[in-house]
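Worksheet: one structure, shown below.
Residue numbers (my numbering): 141 to 974.
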């Protein structure tokens, strides 16, 4: 009898599919898209069946262990999108399929630890710390086998994995694998009324509960809510159930995040009437959706033009026709605000999905999207993979944002482009929205690949805010001159006052808004207190020993921290170069700006929003709601305060330094500077109150700043594309960044040189830049070299020639490189070159 063979995509960093035998009882379920539990080495993994095969590899084949329920299977469009991602981004196919699976199935098996049946005694010469570890482990395992995770929670043993392996090698422990159970369903008691009146009640508590249920309708309510509102105990509810006066039952409780209350912005959106431009945009999108053929639109509208209202009305049309919608936002911090606004219109039809949710929350969100309980999913890039039925509309808000590109793991996909591909497989409409479209997206719209929709004016008659630019070089010169003190006589305190971060103009504008009790947003796109600490004697700057970057001073913790690897050290007391004792803090991070604000405006209520203050769950939402409710006067933060925020009370936006992004050695630095400044400027004057923007810079003549000052995207686009054409960068060429990294610099350099030489056998010299050390040449003790490959559109229209050459070279060198501790990473359509 011929074996029934299937190929399975497994979540491992390997490029191939794996072949398994399907036992007879499982064959009817072993269809493409089904989730299959299979052995893989010593582990048990869950993968996706991609199809049947008749090709039998030389290796001994193993049997599929189980086929999971059909509600975990992937749809044809999901499988097609995953395969495209693997092919286009040169990514392991199983890692692409994994994105579409619920979190519980993307795990490997659990390692189970138990005491060995005939364990030898612990040797007398065992080190004392190992003896202490064994005492704890043996005591915990005496009650029975435990997973490594359970042991971690049950003991104080550090480096638990290393300890377990040590005692396994000593013959004291045995290890085995079991399939991970993942998050379990959570239930709660639910109460339903079964009588129309409270005449059967025996006491006041029972009567109160029955009266409450009479007004609750057929759905009843959670038992906890009934007890809270009536003061009744669980005993009272059980008595009512026993006497047939109510029904008490356990129901599954969703951990999916959906209901998040409301706010001023959400309530305001309920009364908005579309203007003619918005109406035309909605009509175009809904007409394309009704046709049932794939289409991509760019909704280009100035800040405050009402793009979100276009999204809402387009979704309303799709939902009325029975369809579902996915809304992507660039930052997790924007998700709660967006959810509240959409929920004001669509109620519990809305659910959010993002990486900061617990496994249980993500599992429930995935499952309730799959069964259609929620039909509108909102979240950052991972929300694109939600298993909604009948998806008719995918919205990518702020499509220009770099956060849509995955940087730190495979596959290195761009959610905007993956959305367009998934939309094609779904025959859905994809709507890209931005006030500052990416250069590539706007070019595609001008060339007719996407349909261009425009919102040229702000909604509700609001006007774009005027922008004032402060030349900080002249500002500091003037301050020194006013002191009438020679440079050598300037004391340290006087120097710091002269070099402060807030100009006199911005100080004056802040004071005016505080007096009028209007909202203020300040952007400083650098966290910490000071970007670096410098010896005043010789200029030595403290650098990270593990990375090729300076250490940032954090005042609250009084330490230096590397923002790339997280290393922490105390500030120096003696210069290691010259032996000097005098150090100065250079530059301004958000902490230092906050300190300066508190000195200038001691009565002001200030919220600082950066990575250091938003580590806790829901911290973004808590801060934004507090600011929106008027509990703070000034919202100071990094770029997260520049995106998508809509507060009617904000009339002043200040940019502490526009130079941070502008000075980066990256071909997109001007584009990102223009986008960031235009976006943050758009937070001011979004209602009846007039807004104003103050931008501080040492380069007031830079073209990105010049066009941002006048809200002139078309002018910036013309100037930037002329520069890009001259140097051969997107949109005139596609970029593939190859990164080679490892701990031994010689091995990294050798591998990079081999990679570059191999590429030149397939591609012309002008298409290959490098190899060369990366701008950040060392991160986390790993040396980095880089090769930039250009696929010029006039010679390699879709970039296939360049992608294939890079993929072949990477595959040919990867095994030998990894044997030397060197990793090769390919980033197709890289959004930066640092």
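A virtual CB, placed ideally from N, CA and C, is assigned to each residue, including glycine.
Point to revise | residue 527 to residue 434 span [Cα, whole Å] | key: Indexing the chain shown from 1 puts residue 527 at position 387. Indexing the chain shown from 1 puts residue 434 at position 294. Going by the C-alpha atoms only, they are around 18 Å apart.
Check your understanding: residue 316 by DSSP, collapsed to three states: which one?
Key -> As a working note, residue 316 is residue 176 in the chain shown. Looking at residue 316 - three-state DSSP - the assignment turns out to be strand.
Check your understanding: Rounded C-beta distance between residue 98 and residue 892? I'm assuming under 8 Å.
Key -> Here the chain covers residues 141 to 974 and nothing more, so residue 98 does not appear.
Point to revise | Backbone CA spacing between residue 347 and residue 341 [nearest angstrom] | key: What you label residue 347 is simply residue 207 of the chain shown in a count that begins at 1. What you label residue 341 is simply residue 201 of the chain shown in a count that begins at 1. Roughly 5 Å between the two C-alpha positions.
**Study point:** Where residue 973 sits in the DSSP three-state scheme
**Key:** Taking the first residue of the chain shown as 1, we reach residue 973 at position 833. Note: residue 973 maps to coil in three-state DSSP.
**Study point:** Beta carbon of residue 468 nearer than 8 Å to that of residue 537
**Key:** Here residue 468 is taken as the residue at index 328 of the chain shown, counted from 1. Here residue 537 is taken as the residue at index 397 of the chain shown, counted from 1. In contact: residue 468 and residue 537 (Cβ atoms closer than 8 Å).
Check your understanding: If we ignore side chains and look at the alpha-carbon of each, how far apart do residue 424 and residue 444 end up?
Key -> Your numbering for residue 424 matches position 284 in the chain shown. Your numbering for residue 444 matches position 304 in the chain shown. Those two C-alpha atoms are separated by around 20 Å.
Exercise for review: Compare the C-alpha of residue 471 against each of 482, 175, 544, 426 and name the closest.
Suggested key: One-based indexing of the chain shown puts residue 471 at position 331. Of 482, 175, 544, 426, the residue nearest in Cα terms is 544.
Review point. Is it true that the region 601-610 meets the region 563-581, where meeting means three or more beta-carbon pairs spaced less than 8 Å apart?
Key: no
Review point. Tell me the DSSP bridge mates of residue 836?
Key: Residue numbering aside, residue 836 sits at position 696 when the chain shown is read from its first letter. According to DSSP, which records beta bridges pairwise, residue 836 is partnered with 610.
Review point. In three-state DSSP terms, what is residue 203?
Key: Position 63 of the chain shown, counted from the first residue, corresponds to residue 203. If DSSP states are grouped into helix, strand and coil, residue 203 belongs with the strands.
Check your understanding: In chain order, what residues of the same chain have a beta carbon less than 7 Å from the beta carbon of residue 598, not counting five sequence neighbours either side?
Key -> One-based indexing of the chain shown puts residue 598 at position 458. Excluding sequence neighbours, residue 598 sits near 442, 444, 445, 604.
Exercise for review: Can you say whether residue 731 is buried or exposed, counting buried as having 16 or more other CB atoms within 10 angstroms of its CB?
Suggested key: Locating residue 731 in the chain shown gives position 591, counting from the first residue. Buried, by the Cβ-count rule.
Review point. For residue 490, which residues from the same chain have a beta carbon less than 7 Å from its beta carbon, with the 5 sequence-adjacent residues on both sides left out?
Key: Locating residue 490 in the chain shown gives position 350, counting from the first residue. Correct list, in chain order: 398, 479, 482, 483, 514, 516, 518.
Practice item. Could you tell me which residues DSSP puts in a beta bridge with residue 684? Key: If you number the chain shown from 1, residue 684 lands on position 544. Bridge partners of residue 684: none, in fact.
Check your understanding: Straight-line CA distance for residue 856 to residue 810?
Key -> Position 716 of the chain shown, counting from 1, holds the residue named residue 856. Position 670 of the chain shown, counting from 1, holds the residue named residue 810. Each residue's alpha carbon lies about 9 Å from the other.
**Study point:** Of the listed residues 460, 317, 552, 387, nearest to residue 239 (C-alpha basis)
**Key:** By one-based count along the chain shown, residue 239 stands at place 99. The shortest C-alpha separation from residue 239 is found at 552.
Exercise for review: Within the same chain, show all residues whose beta-carbon is closer than 6 Å to that of residue 345, passing over the 5 residues directly before and after it, in chain order.
Suggested key: Here residue 345 is taken as the residue at index 205 of the chain shown, counted from 1. Cβ neighbours of residue 345 beyond the five flanking positions: 372, 376.
Check your understanding: Can residue 559 and residue 534 be called in contact, C-beta distance under 8 Å?
Key -> Indexing the chain shown from 1 puts residue 559 at position 419. Indexing the chain shown from 1 puts residue 534 at position 394. Taking 8 Å as the Cβ cut-off, residue 559 and residue 534 qualify as a contacting pair.
Point to revise | Short Cβ contact (8 Å threshold) for residue 673 with residue 737 | key: To locate residue 673, count along the chain shown from 1; it is residue 533. To locate residue 737, count along the chain shown from 1; it is residue 597. Not in contact: residue 673 and residue 737 (Cβ atoms no closer than 8 Å).
Review point. Which residues mark the beginning and the end of the beta strand (DSSP E) in which residue 749 is found?
Key: Within the chain shown, the letter at position 609 stands for residue 749. Segment 746-749, the beta strand (DSSP E) holding residue 749.
Review point. What are the uninterrupted segments assigned as alpha helix (DSSP H) that are 4 or more residues long and contained completely in the region 498-562, given in chain order?
Key: 499-510
Exercise for review: Can you grab the Cα-Cα spacing for the pair residue 146 / residue 229, in whole Å?
Suggested key: Translated into the one-based positions of the chain shown, residue 146 becomes position 6. Translated into the one-based positions of the chain shown, residue 229 becomes position 89. Whole-angstrom Cα-Cα distance: 25 Å.
Check your understanding: Just the Cα atoms here: how many angstroms apart are residue 611 and residue 849?
Key -> Translated into positions along the chain shown, residue 611 becomes position 471. Translated into positions along the chain shown, residue 849 becomes position 709. Rounded to whole angstroms, residue 611 to residue 849 spans 13 Å at the Cα level.
Practice item. Look up residue 787 in the DSSP assignment and give the residues it is bridged to. Key: Walking along the chain shown from the start, residue 787 turns up at place 647. Beta-bridge pairing links residue 787 to no other residue.
Point to revise | Distance between beta carbons of residue 868 and residue 930, contact taken as under 8 Å | key: Your numbering for residue 930 matches position 790 in the chain shown. Your numbering for residue 868 matches position 728 in the chain shown. Correct: roughly 6 Å between the Cβ atoms.
Review point. Per DSSP, what kind of secondary structure is residue 464 in: helix, strand or coil?
Key: The residue you call residue 464 lines up with position 324 of the chain shown. Strand at residue 464.
**Study point:** Burial state of residue 938, where buried means 16 or more other Cβ atoms lie within 10 Å
**Key:** If you number the chain shown from 1, residue 938 lands on position 798. By the neighbour-count rule (16 or more Cβ atoms within 10 Å), residue 938 is not buried but exposed.
Practice item. Round the Cβ separation of residue 576 and residue 540 to the nearest angstrom and send it over; I've been treating them as touching at under 8 Å. Key: Within the chain shown, residue 576 is the residue found at index 436, counting from 1. Within the chain shown, residue 540 is the residue found at index 400, counting from 1. With a Cβ gap of about 6 Å, residue 576 and residue 540 count as contacting.
Practice item. Give the secondary structure of residue 841 by DSSP, where H, G and I count as helix, E and B as strand, and everything else as coil. Key: The residue given as residue 841 occupies position 701 in the chain shown. Here residue 841 sits in coil by DSSP.
Exercise for review: Have a look at 202, 226, 143 and flag the residue whose alpha-carbon is nearest the alpha-carbon of residue 154.
Suggested key: Residue numbering aside, residue 154 sits at position 14 when the chain shown is read from its first letter. Out of 202, 226, 143, 226 has the C-alpha closest to the C-alpha of residue 154.
Exercise for review: List in chain order: all unbroken alpha helix (DSSP H) runs of 4+ residues lying wholly within the region 203-280.
Suggested key: 216-228, 233-238
Check your understanding: Of the residues 465, 579, 511, which one's Cα is nearest the Cα of residue 524?
Key -> Locating residue 524 in the chain shown gives position 384, counting from the first residue. Selected option, being the one with the closest Cα: 465.
Practice item. Sort out for me which residues DSSP pairs residue 967 with in a bridge. Key: Position 827 of the chain shown holds residue 967. According to DSSP, residue 967 bridges with 877.
Practice item. Thinking residue 847 and residue 814 are a contact (beta carbons under 8 Å), I'd like their distance in whole angstroms, please. Key: In the chain shown, counting from the first residue as 1, residue 847 sits at position 707. In the chain shown, counting from the first residue as 1, residue 814 sits at position 674. That pair is a contact at about 6 Å.
Practice item. Decide if residue 685 is buried, meaning its Cβ has at least 16 other Cβ atoms within 10 Å, or exposed. Key: For the purposes of this step, residue 685 is identified with residue 545 of the chain shown, where counting begins at 1. With fewer than 16 Cβ atoms within 10 Å of its Cβ, residue 685 is classed as exposed.
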